[in-house]
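Please read the structure below before turning to the comments.
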Amino acid sequence: AQRVTQPEKLLSVFKGAPVELKCNYSYSGSPELFWYVQYSRQRLQLLLRHISRESIKGFTADLNKGETSFHLKKPFAQEEDSAMYYCALSETSGSRLTFGEGTQLTVNP
Amino acid sequence: NAGVMQNPRHLVRRRGQEARLRCSPMKGHSHVYWYRQLPEEGLKFMVYLQKENIIDESGMPKERFSAEFPKEGPSILRIQQVVRGDSAAYFCASSGTGLPQHFGDGTRLSIL
Numbered sequence: 002a003q004r005v006t007q008p009e010k011l012l013s014v015f016k017g018a019p020v021e022l023k024c025n026y027s028y029s030g031s032p033e034l035f036w037y038v039q040y041s042r043q044r045l046q047l048l049l050r051h052i053s054r055e056s057i058k059g060f061t062a063d064l065n066k067g068e069t070s071f072h073l074k075k076p077f078a079q080e081e082d083s084a085m086y087y088c089a090l091s092e093t094s095g096s097r098l099t100f101g102e103g104t105q106l107t108v109n110p
Numbered sequence: 254n255a256g257v258m259q260n261p262r263h264l265v266r267r268r269g270q271e272a273r274l275r276c277s278p279m280k281g282h283s284h285v286y287w288y289r290q291l292p293e294e295g296l297k298f299m300v301y302l303q304k305e306n307i308i309d310e311s312g313m314p315k316e317r318f319s320a321e322f323p324k325e326g327p328s329i330l331r332i333q334q335v336v337r338g339d340s341a342a343y344f345c346a347s348s349g350t351g352l353p354q355h356f357g358d359g360t361r362l363s364i365l
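Chains as they are written, first to last, in the working numbering: chain A, 2 to 110; chain B, 254 to 365.
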């Protein structure tokens, strides 16, 4: 069965510092990986999708199949990046999502 | 496009009552997913539906829970004879074929 692990429940950095939110997965096939973000009082929204290979709001994530990881990175964190971040896996396009427990990121001024 | 609409936002029920949660997908989306988030936990998949069909219900509890997505109208998640352990946030998501899921604001169910 597939599983997504986000080892840090809480992560705190200062504005301008680099940030990396870790995500590891276990799945025997070739999954689709996503990062979703939930800002305060807003709904969960898609941040990144690995097959798009794009940068959104300065964030990037590279799928490392050897390490089964999909870490989210940003070189210079901003206060408005403070939010809850969820890593998620889908077996195939359109199938159910398996979520990690989430990482609460706080960017301090 | 108003996005995925869920109602009610908050629902309070007494033990033994029925809870009905509604979800209207984004315009043009024919796939609906329900997830549950218990306190201090991540979102857990419950059921995946297309119009008039249940595609994957592997995450649904075996008893008291049911879901439908009729030809007309919203998708409904129904919980019969609610218990305290059903207290959670229930999220609906919708997607087009092969596209990412978009989420609603959720329904927070509280059982007294």
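For glycine and all other residues, C-beta sits at the position ideal for the given N, C-alpha and C.
Excluding five sequence positions before and after B/Ser277, the CB atoms of its chain that fall closer than 6 angstroms to its own CB belong to Met258, Pro327, given in chain order. If you look at A/Met85, you'll find it in the beta strand (DSSP E) that goes 84-91.
Residues of the stretch 35-63 of chain A that bring their beta carbon within less than 8 angstroms of a beta carbon in chain B comprise Phe35, Tyr37, Arg44, Leu45, Gln46, Leu47, Arg50, in sequence order. Burial is judged here by how many other beta carbons sit within 10 angstroms of a residue's own beta carbon; B/Phe318 has at least 16 and is buried. Contact annotation for A/Leu90 against chain B: no contact, minimum CB-CB distance about 11 angstroms [criterion: below 8 angstroms]. Rounded to whole angstroms, A/Glu80 and B/Lys315 show a C-alpha spacing of 44 angstroms.
Going by C-alpha positions, A/Leu11 is about 11 angstroms away from A/Val108. Secondary structure of B/Arg262 (DSSP, three-state): coil. Ranked by Cα distance from B/Arg275, the options B/Glu325, B/Ile364, B/Gln354, B/Leu352 are led by B/Glu325. Using beta-carbon distances, B/Pro353 counts as an interface residue toward chain A, with a partner under 8 angstroms. Against chain A, the CB of B/Phe298 has a partner CB under 8 angstroms away; the residue lies at that interface.
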